[in-house]
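Have a look at the structure below, then the notes.
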Amino acid sequence: MTNELIDLQVHAGIATLTLNRPDKRNAMSDAMRSQFIEALEHVAADKAIRALVLTGAGKGFCAGGDIAGMERRMSAPAGEIAFNGWHRQQRVHHTQALLHTMPKPVIAAVNGAASGLGADTALACDFIIASEWASFTWSYIHRGIVPDGGGMYFLPRRVGLPKAKELIFTGRKVDTDEALALGIVDRKVSAETLVADAQAWAAELSQGSATALALGKTILNQSFELSAQQVFAQGSQAQGICYTSTEHRESVMAFLAKSAAK
Numbered sequence: 061m062t063n064e065l066i067d068l069q070v071h072a073g074i075a076t077l078t079l080n081r082p083d084k085r086n087a088m089s090d091a092m093r094s095q096f097i098e099a100l101e102h103v104a105a106d107k108a109i110r111a112l113v114l115t116g117a118g119k120g121f122c123a124g125g126d127i128a129g130m131e132r133r134m135s136a137p138a139g140e141i142a143f144n145g146w147h148r149q150q151r152v153h154h155t156q157a158l159l160h161t162m163p164k165p166v167i168a169a170v171n172g173a174a175s176g177l178g179a180d181t182a183l184a185c186d187f188i189i190a191s192e193w194a195s196f197t198w199s200y201i202h203r204g205i206v207p208d209g210g211g212m213y214f215l216p217r218r219v220g221l222p223k224a225k226e227l228i229f230t231g232r233k234v235d236t237d238e239a240l241a242l243g244i245v246d247r248k249v250s251a252e253t254l255v256a257d258a259q260a261w262a263a264e265l266s267q268g269s270a271t272a273l274a275l276g277k278t279i280l281n282q283s284f285e286l287s288a289q290q291v292f293a294q295g296s297q298a299q300g301i302c303y304t305s306t307e308h309r310e311s312v313m314a315f316l317a318k319s320a321a322k
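The sequence shown begins at 61 in our numbering and counts up one residue at a time.
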């Protein structure tokens, strides 16, 4: 599945989605977002795909929102700016939610600068692996706006509230080593092996039951907001579904057969 601005390749059950606007450091235009949404919905629906790796073409991961799009919004009639902005926000949030709630593991392979919305997009993934050329900056403050891609939700959960405030209030750049120390990045690897390492990690993470992975991820994503009792309740419901899954039945029967053979 390849569009002009998005490239999606699938090999051995691992999808690799590449933001493909290298001349603009993969800044997210409206057209790219539409293609991105289409690709994410395809990955989520395709049962043959077990995990997703997200990366960027060229030297950057994603430079954030498209400045040309910002200019068009400001030049709209005054009475339309607020509603146009609201409509755009719905699309942004839909895109980020597709990443965050993807019912399978998602790894951001950050090959270069992840700025503004690009940094938020990496955070919306389950894991972040980065090369030595990666950097992160929540640069919204330099445009007079606040993080709108989930950074105010995801970043405090990785680095703590005071550090998240510092990074968002200053918009300063964080290199890979600092990002690793802070917990923004989970693994640092060579630029030459970045995507291959991400794909290998994705394959490792997705070996288990697809049913258990999807249900477990759904509950874990909410665990900071739920009480223990609510997590137990959702876990009980999820376990009831797992009990009826093909993966559970086959695993139990294989274990019993192996035990009997011994």
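Beta carbons: idealized from backbone N, C-alpha and C, even for Gly.
The structure displayed is predicted, hence computed values, not measured ones.
Nearest to Val255 by C-alpha distance, out of Gly211, Leu100 and Leu112, is Leu112.
For secondary structure counted as the alpha helix (DSSP H) over 4 or more consecutive residues, the stretch 279-310 holds these complete runs in sequence order: 288-303. According to the DSSP assignment, Gly211 belongs to the alpha helix (DSSP H) that extends over Gly211 to Val219. Taking the CA atoms as reference points, Ile109 sits about 26 angstroms from Ala174.
About 4 angstroms separates the beta carbons of Gly231 and Ile201, which is inside the 8 angstroms limit, making them a contact pair. Here Cys122 is bridged, per DSSP, to Ala174.
According to the DSSP assignment, Asp67 belongs to the beta strand (DSSP E) that extends over Ile66 to His71. Comparing alpha-carbon positions, the option among Arg148, Ala142 and Gly120 lying closest to Thr197 turns out to be Gly120. Ser195: not part of any alpha helix (DSSP H); member of the beta strand (DSSP E) spanning Ser195 to Thr197, first to last residue. Looking at the DSSP output, Arg247 shares a beta bridge with Ile189. Counting along the chain, Val206 sits inside no alpha helix (DSSP H), nor does DSSP assign it H or E at all. In this structure, DSSP gives Thr76 an extended state, which the three-state scheme calls strand.
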